[in-house]
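Enquirer:
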Amino acid sequence: MSEDEVKKEKDKGIDLFGGGTSTAIQLILLTKALKRLVDKVEKEQFDRAFLSDAVYVIGALFILLGISHPSVLEGMKSFFEDLLSGKEEEG
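For this note's numbering, count along the sequence shown from 1 and bump the result up by 7.
(1) Report the rounded CA-to-CA distance for residue 91 versus residue 82, giving the unit in angstroms.
(2) What do you reckon, are the CB atoms on residue 60 and residue 43 nearer than 7 Å?
(3) Kindly indicate which residue of 35, 75 and 27 has the alpha-carbon position closest to the one of residue 63.
(4) Write down the C-beta distance between residue 33 and residue 67 rounded to the nearest angstrom, noting that I regard them as a contact closer than 8 Å.
(5) Of the residues 47, 48, 37 and 27, which one's Cα is nearest the Cα of residue 69?
(6) Which same chain residues, not among the five before or five after residue 50, have their C-beta less than 8 Å away from its C-beta?
This is the structure in structure tokens:
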């Protein structure tokens, strides 16, 4: 296998919507948490439950993104590393 084929295979990731009970459960939980989050934003109720739902939604989205497109997380990692190293040089 050539390097290009290996990279294409690695970038493919896992098909999230190809089936699977655990994926379906995660998507249901994510949808419910996102609905609770939107309801709290509309009512301007920024309490501990809001923070808990926000952290869950952000974490779940990162996990789903990392599973489906691992190259995106690698790009984000290098972006933040460059950002932090630039901050350290200025300070």
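Note that beta-carbon positions come from the ideal geometry of N, C-alpha and C, so glycine has one too.
Expert: Quick answer:
(1) The residue given as residue 91 occupies position 84 in the sequence shown. The residue given as residue 82 occupies position 75 in the sequence shown. Each residue's alpha carbon lies about 14 Å from the other.
(2) What you label residue 60 is simply residue 53 of the sequence shown in a count that begins at 1. What you label residue 43 is simply residue 36 of the sequence shown in a count that begins at 1. In this structure, residue 43 lies closer than 7 Å to residue 60 by Cβ.
(3) For the purposes of this step, residue 63 is taken as residue 56 along the sequence shown, with counting starting at 1. For the options 35, 75 and 27, the alpha carbon positioned closest to that of residue 63 is the one of 35.
(4) Position 26 of the sequence shown holds residue 33. Position 60 of the sequence shown holds residue 67. Here residue 33 really is in contact with residue 67; their C-beta atoms are around 7 Å apart, less than 8 Å.
(5) In the sequence shown, the residue the question calls residue 69 occupies position 62. The shortest C-alpha to C-alpha distance from residue 69 to any of 47, 48, 37 and 27 is the one to 37.
(6) Numbered from 1 along the sequence shown, position 43 holds the residue referred to as residue 50. Result list for residue 50: empty, nothing under 8 Å.
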